[in-house]
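>
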Amino acid sequence: MSTVARKREARIERIHDAAAALFAERGYHATRMQDVAEAVDMQKGSLYYYFSSKEDLLVSLVESRVGAALDVLRTIVGDEAAPEVQVRSAIAGHLTVFQERADVYTIFNSEKLHSISRDTAVKVDELGREYERLWADLLSAGIAAGAFRRDLDVTVTVKAVLGMCNATLTWFRPGGRLTIEEVADRFSALVLEGIS
Numbered sequence: 080m081s082t083v084a085r086k087r088e089a090r091i092e093r094i095h096d097a098a099a100a101l102f103a104e105r106g107y108h109a110t111r112m113q114d115v116a117e118a119v120d121m122q123k124g125s126l127y128y129y130f131s132s133k134e135d136l137l138v139s140l141v142e143s144r145v146g147a148a149l150d151v152l153r154t155i156v157g158d159e160a161a162p163e164v165q166v167r168s169a170i171a172g173h174l175t176v177f178q179e180r181a182d183v184y185t186i187f188n189s190e191k192l193h194s195i196s197r198d199t200a201v202k203v204d205e206l207g208r209e210y211e212r213l214w215a216d217l218l219s220a221g222i223a224a225g226a227f228r229r230d231l232d233v234t235v236t237v238k239a240v241l242g243m244c245n246a247t248l249t250w251f252r253p254g255g256r257l258t259i260e261e262v263a264d265r266f267s268a269l270v271l272e273g274i275s
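In case it helps, this note's numbering puts the sequence shown at residues 80 to 275.
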């Protein structure tokens, strides 16, 4: 990668970080492009060199951050490990990525994005659906391998596991009673007890 490309990538990452923090703190709708520009010591007009609109910035941010979670899950689903190990890894990966980027996942999971364009909403929703599909594939493979109950309702189980993991955004605090790894271990034990 050229020096120019690396600098551009680093600048986009700084913009993503600032936008995620502002969107999480103030809300997507209350944050202006001017606010993001000021947070990265940039002129508002220069920000438009990277993103054509606030919606474009939102989509880029969500694709980048949710893309990281998708990459982790794709790797786990493609692994040859036992289904139980994959579930443990998927839960640990989900919690780790979510806590590392809690700001953007707070937006993704709770921010009401009603006034964004339909195209943007579809792009954002598709990322969530792809993540759920990967989880469904993981559980279905475990059923086929005989590791999980045959009567397991995959759709309900995916929603339950993700709901449980996503809820950590509201209560988990680094430095608290449990580490994120300990939470992942407890969640994994609970899930595996229910699906095996």
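For each residue, glycine too, the CB sits at the ideal point set by N, CA and C.
For Q178, which residues in the same chain have their Cβ closer than 6 Å to its Cβ, ignoring the five residues on either side in sequence?
So the list reads I259, once near-sequence residues are dropped.
> Return the chain-ordered ranges of every beta strand (DSSP E) run that is complete within the stretch 136-176 and spans a minimum of 3 residues.
With a minimum length of 3 residues, no continuous beta strand (DSSP E) run stays inside the stretch 136-176.
> Skipping 5 residues on each side, what residues in its chain have a beta carbon closer than 7 Å to that of L140?
Hits under 7 Å: H95, A98, A99 and V183.
> For the alpha helix (DSSP H) containing R229, list its first residue and its last residue.
Element bounds for R229: n/a, residue is neither H nor E.
> Any idea if T82 is buried or exposed, counting beta-carbon neighbours within 10 angstroms, 16 or more meaning buried?
With fewer than 16 other Cβ atoms within 10 Å, it is exposed.
> Use the C-beta contact count for G124: other C-beta atoms within 10 angstroms, 16 or more gives buried, fewer gives exposed.
Its Cβ having fewer than 16 others within 10 Å, G124 is exposed.
> Taking A246 as the reference, which of H108, V115, V262 and R111 has the closest Cα?
That would be V262, whose Cα lies nearest to the Cα of A246.
> Measuring CA to CA, which of G273, D150 and V138 is closest to D230?
Minimum Cα distance to D230 is reached at G273.
> Closer than 7 Å by C-beta to Q122: which residues in its own chain qualify, once you throw out the five before and the five after it? Chain order, please.
So the qualifying residues of the chain are A116.
> Can you look up R252 in the DSSP assignment and give me helix, strand or coil?
Residue state, collapsed to three classes: coil.
> Ends of the alpha helix (DSSP H) at H95?
Start and end: T82 to R105.
> Going by Cα to Cα distance, which pick from A268, I186 and R208 is closest to S103?
Note on identity: in this sequence residue 103 is Ala, with Ser being the wrong assignment. Out of A268, I186 and R208, I186 has the C-alpha closest to the C-alpha of A103.
> Using C-beta distances below 7 Å, list every residue in its chain close to F227, excluding the 5 sequence neighbours before and after it, in chain order.
Contacts found: P162, L218, G221, I274 and S275.
> If you check the beta carbons only, do L101 and D120 fall under 7 Å apart?
No, the pair does not count as a contact, with Cβ atoms beyond the cut-off.
> Identify, in the order they occur along the chain, each residue of the same chain with its Cβ nearer than 8 Å to the Cβ of E134, setting aside the five sequence neighbours on each side.
Once the five neighbours on either side are set aside, the close Cβ partners of E134 are I195, S196 and T199.
> Do S168 and I155 have their CB atoms nearer than 7 Å?
Closer than 7 Å, so yes.
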